[in-house]
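Here the structure comes first, spelled out in structure tokens, and everything after it is commentary.
In the numbering used here, the protein residues as written are 349 to 765.
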């Protein structure tokens, strides 16, 4: 079941945000990345009531539309058009500042050392739970607005900074309220299994996570479930317990795994039919073949590793060449990635991960759409939602520093111009 939020929940992927649309919009010329390949111009994209009605339907059809009195026509000249970007791994709801951790890392402290010392996730939980919903919405709004300026139209959004039944449910409800108010398309994920709060019994906390997951499903707050499988977070046994319950409740599974150590994350993901395994810096022999055979995508989050100075990145080239689908995401969070720009992530992937421009564009459009269950997003194709980015640079220079977003359409409506 695919679900997304934009003021209400849907049980399919026809994700409509707006109550009114430009009835007839015709975009002509420019070159197109359609989510799978480059289509050199001249192109024509006919948008009707927020959906792509036709793409390259021919000169006669284009002229007929141009003769229509109510048509809005935009000639893009030599610009480059892509689907709106999809950021499939974010922790956008958080408060507090963890810049102090940089100094701790300079002194040799690891991520897990900082976590044990009361920093990391636990520090953010405290600051987030102390904040009002009004303040949290303001922070989310500011971050999402920045994302839009670099082409992002859809984001996956995790909880995980509440770590109690009441706070986690409050944050899921807050996401639904904010998306309705701002007409923002989001896909919420329950990540209550982020870490175990201090002074809580581990077994009792696992039961609280399961109870929260049940309520979240009953209220249709989310259909995605995530666990941080890692030393200092959740063990293999605990992860298996939580995922078994989540699967019985009908959740789509994703998994934080392999970030700092190899803990059989791929085997667990395969057993529970996960849609993706994210981070995946540490994989064991045979894991890549299992990922390829199972169709599980890998979420690569390069900004996180730069901030943590781990000098380790997943071998994206080997994954892709082995038939594994990969997507790139910002991993926007309070402590290890302050990035809101998939354009910047793409530049890093081009430099460090040996990915081509085409592979990078696919990893921020059609692959994440498929991974998080959105069937009418991520491609420029008849019947798809008209989320479109118009860019200065074409495919060969797309990730150069001088590229910039010229127009961003969400369902045919200009949101950045």
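Each residue gets a CB set at the ideal place from its N, CA and C atoms; glycine is no exception.
- For residue 696, the CB contacts under 8 Å within the same chain, skipping 5 residues up- and downstream, are 650, 651 and 654 in chain order.
- Under the Cβ criterion (8 Å, minimum of three pairs), the segment 587-607 counts as touching the segment 620-636.
- Judged by beta-carbon spacing, residue 638 lies within the 7 Å limit of residue 618, meaning their Cβ atoms are closer than that value.
- Pairing residue 427 with residue 738 gives a Cβ-Cβ distance under 7 Å.
- Ranked by Cα distance from residue 674, the first of 684, 682 and 706 is 706.
- The continuous stretches of beta strand (DSSP E) do not include residue 509, and DSSP gives it neither H nor E.
- The shortest CA-to-CA distance from residue 385 to any of 713, 755, 717 and 756 is the one to 713.
- The shortest C-alpha to C-alpha distance from residue 708 to any of 497, 692 and 536 is the one to 692.
- Counting C-beta pairs closer than 8 Å gives fewer than three between the segment 489-505 and the segment 460-474, which falls short of the contact rule.
- DSSP lists 576 and 626 as the bridge partner or partners of residue 604.
- Bounds of the beta strand (DSSP E) holding residue 396 are 392-396.
- Judged by their CB atoms, residue 698 and residue 757 are not nearer to each other than the 7 Å cut-off.
- Shown here for residue 452: same chain residues with a beta carbon closer than 6 Å to its own, the five before and five after excluded, namely 462 in chain order.
- For residue 423, the enclosing beta strand (DSSP E) begins and ends at 420-423.
- Secondary structure within the segment 497-575: the alpha helix (DSSP H) runs of 4 or more consecutive residues, fully enclosed, are 513-530 and 550-566 (chain order).
- Under the DSSP definition of a beta bridge, residue 725 lacks any partner.
- As the crow flies, the alpha-carbon of residue 661 is around 45 Å from that of residue 420.
- By the criterion of a C-beta distance shorter than 8 Å, residue 483 is surrounded in its chain by 443, once the five residues flanking it on both sides are discounted.
- For residue 476, no beta strand (DSSP E) encloses it; the enclosing alpha helix (DSSP H) starts and ends at 468-478.
- Across the set 387, 374 and 371, the C-alpha of 387 shows the shortest separation from the C-alpha of residue 727.
- With a cutoff of 7 Å on beta-carbon distance, residue 380 and residue 429 are scored as near each other.
- DSSP, read as helix, strand or coil, puts residue 456 in coil.
- In this structure, DSSP gives residue 430 an extended state, which the three-state scheme calls strand.
- Between residue 742 and residue 755, the C-beta spacing is not below 7 Å.
- Listed in chain order, the alpha helix (DSSP H) runs fully inside the segment 646-709 are 650-656, 664-669 and 690-700, counting runs of at least 4 residues.
- Its chain contains 376 and 377 as the residues whose beta carbon lies nearer than 7 Å to that of residue 423, once the 5 sequence neighbours on both sides are disregarded; these appear in chain order.
- Here residue 461 carries a helix assignment [DSSP, helix/strand/coil].
- Here residue 762 is bridged, per DSSP, to 757.
- By the criterion of a C-beta distance shorter than 8 Å, residue 470 is surrounded in its chain by 463, 543, 545 and 546, once the five residues flanking it on both sides are discounted.
- In the structure shown, the three-state DSSP call for residue 618 is helix.
- Looking at the DSSP output, residue 386 bridges to 381.
- The shortest C-alpha to C-alpha distance from residue 669 to any of 610, 702 and 515 is the one to 702.
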